[in-house]
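Heads up: the protein sequence lines correspond to chains A and B, in order. So for the first sequence, our numbering puts the first residue at 1; every next one is plus one. So for the second sequence, our numbering puts the first residue at 1001; every next one is plus one. Even for Gly, the Cβ is constructed at its ideal location relative to N, Cα and C. Source: prediction; values computed, not measured. One structure is given here, and the rest of the page talks about it.
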Amino acid sequence: MGDGEIFAKLKQSIIDQDQEAVLAAVDEALGAGIDARVIIDDGLLPGLNVIGEQFEREEIFLPELMRAALAFQAAMGILEPIIRESGGTEGPSKGKIVLGTVKGDIHSIGKNILKLLLETSGFEVWDLGADVDLFAFLDKAKDVDADVIALSALLTTTLVGQRDVIEALKEQGARDRYKVIVGGGATTPEWANSIGADGWAGSAYDAVNLVTRLLS
Amino acid sequence: MKFVELLTDAQVQRIHEASLEVLETVGILAHSAKAREVFRAHGCHVDDTGLIKFPAAVVERYRKLAPRSFTFHGRDPQYDRTIPDDGPVFITGSSAPNVVDPMTGEERRATSTDIANIAYLVNELPGYDVFSISTLAADAPEGQFSLSRFYPALKNCLKPVRSNTPNVDDLHDVLELGELIVGGKEAYRERPIINHHYCPMVSPLTMDVESTEAVMWLTERGLPVYTSVVPNAGLTAPLTLVGCLVVSNAEFLAITVFQQMVREATPIIYAGLPTVADMRTGAYTPGAIETGMLLAAQAQLARFYNVPAGGYIGLTNAHSNDAQSGYETGMSTVLGLAAGATLLNMGGLLSSLMAFDFAKAVIDNEIALMNKRIWRGLEFSEENLALDEIAAVGPGGSYMGTRRTKAGMKTTGFLPRLADREMRGQWEQVGRPDIQARAMAEAQRILAKPNPAVWDEQLDAAIKARFPGIVDGDARPLTVARA
């Protein structure tokens, strides 16, 4: 079988959101001696691009987008160690994101979806989880030299936790070091504006576009 | 009235058993160490990660201790309401960050003055029984997040006031406010006029720290507190309606037995806000008809457990008072009521609980009154069969002048203030007002006069002395944009 056919299979299995087929195609590609980095760039990512376009056109639904992303992540579980072992880099990171749900709020589903979509889009993500103390955001962002701090809140009563992080950054004179974006069920673009955030997104998918735009 | 039932008795039993199985084999993750200790001390298995496994016999023993009714207390006892016996209780939606400005029509951050106005409006609108504080207060002074909500609410409303607090300090402050209002700790124990509500259960199958410990603290002291389960099918619960019911019923049982373990015979409500996520985008859908269906099923489960039922129902995703806003609120509330829910948090909010709208609150008052008309039912009696009148009027006659027609002219048919029943020509003559314009004019009319519900100056001075810097909490006449 030619490489072209294998790449087509990799791409199509992602489009089909078929994790088993993705893993089988990755095996086959590795067996054919194709470089792990090339498998990602020329096989899997073109499939994810199609999935993204289909989602934007509402041809596929959120669970389908998620399943494609999960299949991609499973493939990365095999390919990443190979790239590391061979001394290669995993390709240039598109940016470093520190992510979490603010203090007092343990809702995490939307945040977890965003994490998955950011990772599949080539960002490095540090997920601090839920009910995160504001200083944990600041410390982690400093530690990893983050590009973006992403704050989630679902409860209207915990919303102020997003403002608190931005205020604390200002007090530390570190506000300009990071882009801060906010999202979650309780947020609106007006709220994001009023607390001086750099951006707001209404969905995890839009948040990936927002981060891409902010860092380009 | 015979209630609408979406489940058979056997299906109710099966959902109950399935919930017991989930609690026994999957368990609940409790983040609060205090809660873990309560569960451990009462026969649950608790591991190091905080996973609680519930033996079925433990669940059965404690859930049966929950009493069959729950009472809301107001500043004026004539507004106290007990469900289910006093019939359906209609409540405003709560804790929206924003308000639609009545003057500009633009959404903006809500303030304590908005809360004062809304409290006054709810006090005057007969459809509402309980005021759940509809918005946050963006003008809250440092350290007075909750006081800036409860003070204007209690000051302007004699009906029961309901809301939550984000932390224990705030909880203590609002209770102290309540004690000042009723005249001391002892009096407050008799008449606890703050009705607390929390969502300690975070789907799927998790208990948080702050809300759980607030519920525990209040329950220990015998103060009124109830909780809601809030599954979102497709995201935090299975995307089958009955699977969603199993998860949320397991959550309901977990928090219910928790409260009974903390204090036996604590009144509770089987309350919820179950939704089915819009799978095209993951959008949140409190306005969807499935919320009405799931709450109807929960009302049936609540009857099985012999506890009162209801929750957030008839909220809307719509952003203005259009047809979507009306049918989403109307259809779900009617279904929930017909299924026997007697707690309906339905009023005043647009945009998926994000913004309060004065006109929406007035429209929902009318929807609440229509629902109450349904609850009153057909009033079947031999007298009401009116056989004597049917014979007296005979074929071809008129009932307009009869004794019964006069007796029932103000009550048999609900008389709406907003719904237009004039001929088209008359509507055109007065400038074709839509429901938005009619409702806003009504809100403005109500808020034009000083509020007689406000307490005396002596009490107000005492409150201001205890909480320096507190917001003024006064309602103000509404400035409304002219259509």
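For residue j and residue i, the rounded distance between their alpha carbons
i	j	result
A:G47	A:A21	13 Å
B:R1432	B:E1422	11 Å
B:V1058	B:L1023	11 Å
B:N1098	B:F1356	6 Å
A:E80	A:A141	24 Å
B:V1430	B:R1424	10 Å
B:A1299	B:T1092	19 Å
B:E1179	B:E1190	11 Å
B:Q1013	B:A1309	17 Å
A:T188	B:M1293	29 Å
B:Y1312	B:S1211	18 Å
B:L1335	B:V1246	20 Å
B:A1475	B:L1378	40 Å
B:R1040	B:Q1259	14 Å
B:V1004	B:A1368	19 Å
B:L1343	B:G1222	21 Å
B:M1279	A:L70	17 Å
B:V1168	B:V1262	18 Å
B:L1385	B:G1397	17 Å
A:G95	B:Y1284	29 Å
B:L1147	B:L1478	23 Å
B:L1006	B:F1070	25 Å
B:L1490	B:N1156	Only positions 1001 to 1483 of chain B appear in the structure, and residue 1490 of chain B is not among them; the question remains open.
B:E1107	B:G1394	58 Å
Residue i, buried or exposed, once every other Cβ within 10 Å from all chains shown has been counted against 16
i	result
A:I15	buried
B:Q1078	exposed
B:M1207	buried
B:H1172	exposed
B:V1089	buried
B:F1150	buried
B:Q1436	buried
B:M1354	buried
B:V1049	The amino acid occupying residue 1049 of chain B in the given sequence is Thr; Val does not appear at that position. Exposed is the call here.
A:F123	buried
A:Q17	buried
A:G87	exposed
B:E1328	buried
B:K1406	exposed
B:I1390	exposed
B:P1102	buried
A:L62	buried
B:T1240	exposed
Nonlocal neighbours in the same chain, by C-beta distance under 8 Å from residue i, ignoring five residues either side
i	result
B:L952	This structure cannot settle anything about residue 952 of chain B, because the visible part of chain B is limited to 1001 through 1483.
A:I6	A25, E28, A29, A32, I34 and G43
B:G1469	P1141 and Q1144
B:P1416	E1366, L1369 and M1370
A:K115	L99, V125 and D127
B:P1286	L1273, T1275, Y1312, L1315, T1316, N1317, S1352 and L1353
B:K1185	E1179
B:R1063	L1253, T1256, V1257, Q1260 and Y1305
Own chain partners of residue i with C-beta closer than 7 Å, once the 5 adjacent residues on each side are dropped
i	result
B:R1438	L1418
A:D131	T101, K103, G104, D105 and I106
A:V208	L117, L118 and S121
Close Cβ partners of residue i (< 6 Å) along its chain, the five nearest in sequence each way excluded
i	result
A:K179	V148, D198 and L214
B:E1442	V1362
B:D1076	L1158
A:L159	A153 and A186
B:I1463	L1180
Neighbour flag for residue i against chain D, beta carbons, 8 Å
i	result
A:L62	Within the model displayed, chain D is absent; protein chains A and B are what it includes.
Inside the segment 1162-1212 of chain B only - beta strand (DSSP E) runs reaching at least 3 residues: 1194-1198
Contact the segment 1450-1459 of chain B vs the segment 1116-1123 of chain B: 3+ CB pairs below 8 Å: yes
Inter-stretch contact at 8 Å, needing at least 3 Cβ pairs: the segment 1022-1037 of chain B / the segment 1238-1256 of chain B: yes
Three or more C-beta pairs below 8 Å linking the segment 1212-1228 of chain B and the segment 1255-1262 of chain B: yes
Length at least 3, wholly inside the segment 139-208 of chain A: the beta strand (DSSP E) runs in chain order: 148-152 and 179-183
The segment 1319-1329 of chain B touching the segment 1085-1095 of chain B, judged by at least three CB pairs closer than 8 Å: no
Minimum length 4: unbroken alpha helix (DSSP H) runs contained in the segment 85-139 of chain A: 109-120
Start-end ranges of the beta strand (DSSP E) lying completely within the segment 1075-1132 of chain B, minimum 3 residues: 1081-1083, 1089-1092, 1098-1100 and 1107-1109
Cβ contact check for the segment 1158-1168 of chain B and the segment 1192-1210 of chain B: 3 or more pairs under 8 Å: yes
Ranges of the beta strand (DSSP E) found wholly within the segment 1226-1299 of chain B, counting only runs of at least 3: 1270-1272
Completely contained alpha helix (DSSP H) runs for the segment 1288-1372 of chain B, where each covers 4 or more residues: 1289-1305 and 1323-1338
The segment 1105-1117 of chain B contacting the segment 1125-1141 of chain B, beta-carbon criterion three pairs below 8 Å: yes
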